[in-house]
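J.: Residues in the sequence shown are numbered from 1 upward in steps of one, following the UniProt record's numbering.
We treat Cβ as the ideally placed atom computed from N, Cα and C, and that holds for glycine.
Just so it is clear, the structure is predicted and the values come from calculations on it, not from any experiment.
This structure is in structure tokens; I'll ask about it shortly.
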Amino acid sequence: MVKKDHSTWKAKYTMRLTQYLAEYPTLFVIAADNVGSRQMQKIRVSLRGHAVIMMGKNTMIRKTIHGQVSKNANLEKLLPHVYENVGFVFTKEDLSTISKKLLENKVSAPARAGAIAPVDVTIRAQVTNLGPERTSFFQALQIPTKITRGTIEIINDVHLIKAGDKVGASEAALLNMLNILPFSYGLIIRVIYYSGSIIKPPIPDLSEKISQGIQHLAAFSLGINYPNQASAPHLILGGFKRLLALAVDTDVEFEQAKTLKEFLKDPS
């Protein structure tokens, strides 16, 4: 019975992934290392109505993609990026918007011995709440200290861990003693599959540049009196203003000018 249920689940998963690969022109390949179920649920909620997240076993993902390559050869480009704790985020919306939603949900976490540091860790010069009996611990890590009012003071900033290094037991213990949560974990975007092409992050935010381009196009088009999608609203507004001015100075009447003419006759 369990085996049958598992087979049914696999069939439904394959069917759903196949459907999404055909339906969505864009997908994000994400790494979800150190992302817990509660954090993942928050990410799913933030993306609801904008994107769909699919996690799964790499073997199933690979098998499904291999089955669709005959229909869309570009899907084969995804295979090198399917490894470790991987998932897909399917969307039809703006890339930069979805990218921000994926990356903004991060959770602070302590340093654990044996973990690979995702970022550099620096301890700032500070007066701690640790007593003098802990001095030998700092000396073992070659961190210069002094005693200030009965507590240990770290004299200088200390670059404790480099990104990519394995966190040692002593470093992890020290950070925990100082109540420092040096790392933050969330989804990582490996690549974006966009209409058959692979794009590597970061994704440039083009919204401001596009807006500026439209403004320049509208100004240029207005300057040469050339109607297009950018200049048409301005041309129509300008024409309407001229019609109002003509109606005020003459006996020409039309519905939109009545209110203005009545106001000018009796501003009170």
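Which word fits Phe90, buried or exposed, when buried means at least 16 other C-beta atoms lie within 10 angstroms of its C-beta?
T.: On the sequence shown, residue 90 is found 90 positions in, with the first residue counted as 1. Its Cβ being crowded by 16 or more others within 10 Å, Phe90 is buried.
J.: Exposed or buried, which one is Met1 when buried takes at least 16 other CB atoms within 10 Å?
T.: Your numbering for residue 1 matches position 1 in the sequence shown. Here Met1 scores only 48 on pLDDT, less than 50, and its place in the model should not be relied on; the value that follows carries that caveat. With fewer than 16 Cβ atoms within 10 Å of its Cβ, Met1 is classed as exposed.
J.: Tell me the rounded alpha-carbon separation between Arg112 and Lys106.
T.: Here residue 112 refers to the residue found at position 112 when the sequence shown is read from its first residue. Here residue 106 refers to the residue found at position 106 when the sequence shown is read from its first residue. Roughly 17 Å between the two C-alpha positions.
J.: Out of Arg44, Ala32, Arg38, Val52, which has the shortest C-alpha to C-alpha gap to Tyr24?
T.: Residue mapping note: residue 24 aligns to position 24 of the sequence shown, counting from 1. Closest option to Tyr24, Cα to Cα, is Val52.
J.: Relative to the alpha-carbon of Glu133, which residue among Thr145, Tyr193, Thr14 has its alpha-carbon at the smallest distance?
T.: Taking the first residue of the sequence shown as 1, we reach residue 133 at position 133. Comparing Cα-Cα distances from Glu133 to each of Thr145, Tyr193, Thr14, the minimum goes to Thr145.
J.: Can you grab the Cα-Cα spacing for the pair Val35 / Thr59, in whole Å?
T.: Your numbering for residue 35 matches position 35 in the sequence shown. Your numbering for residue 59 matches position 59 in the sequence shown. Looking at the two C-alpha atoms, the distance is approximately 21 Å.
J.: Under a Cβ-count criterion, where at least 16 other Cβ atoms within 10 Å of its own Cβ denotes burial, should Phe28 be classed as buried or exposed?
T.: To locate residue 28, count along the sequence shown from 1; it is residue 28. Answer is buried; the Cβ neighbour count reaches 16.
J.: Just the C-alpha distance for Thr8 and Thr128, rounded to the nearest angstrom, thanks.
T.: Numbered from 1 along the sequence shown, position 8 holds the residue referred to as residue 8. Numbered from 1 along the sequence shown, position 128 holds the residue referred to as residue 128. Their backbone Cα atoms lie some 57 Å apart in a straight line.
J.: What's the gap between the Cα of Leu244 and the Cα of Gly238?
T.: In the sequence shown, counting from the first residue as 1, residue 244 sits at position 244. In the sequence shown, counting from the first residue as 1, residue 238 sits at position 238. The alpha-carbon atoms of Leu244 and Gly238 are separated by roughly 10 Å.
J.: For Lys258, which three-state DSSP category applies?
T.: As a first step, residue 258 must be located in the sequence shown, where it is residue number 258. Here Lys258 sits in helix by DSSP.
J.: What does the alpha-carbon distance come out to for the pair Lys101 and Arg190?
T.: Numbered from 1 along the sequence shown, position 101 holds the residue referred to as residue 101. Numbered from 1 along the sequence shown, position 190 holds the residue referred to as residue 190. The alpha-carbon atoms of Lys101 and Arg190 are separated by roughly 15 Å.
J.: Kindly indicate which residue of Asn156, Ser96, Glu171 has the alpha-carbon position closest to the one of Ile199.
T.: Mapped onto the sequence shown, residue 199 falls at position 199. Nearest option by C-alpha distance: Ser96.
J.: Pick from Leu178, Gly131, Val158: whose alpha carbon is nearest that of Leu141?
T.: Numbered from 1 along the sequence shown, position 141 holds the residue referred to as residue 141. Of Leu178, Gly131, Val158, the residue nearest in Cα terms is Val158.
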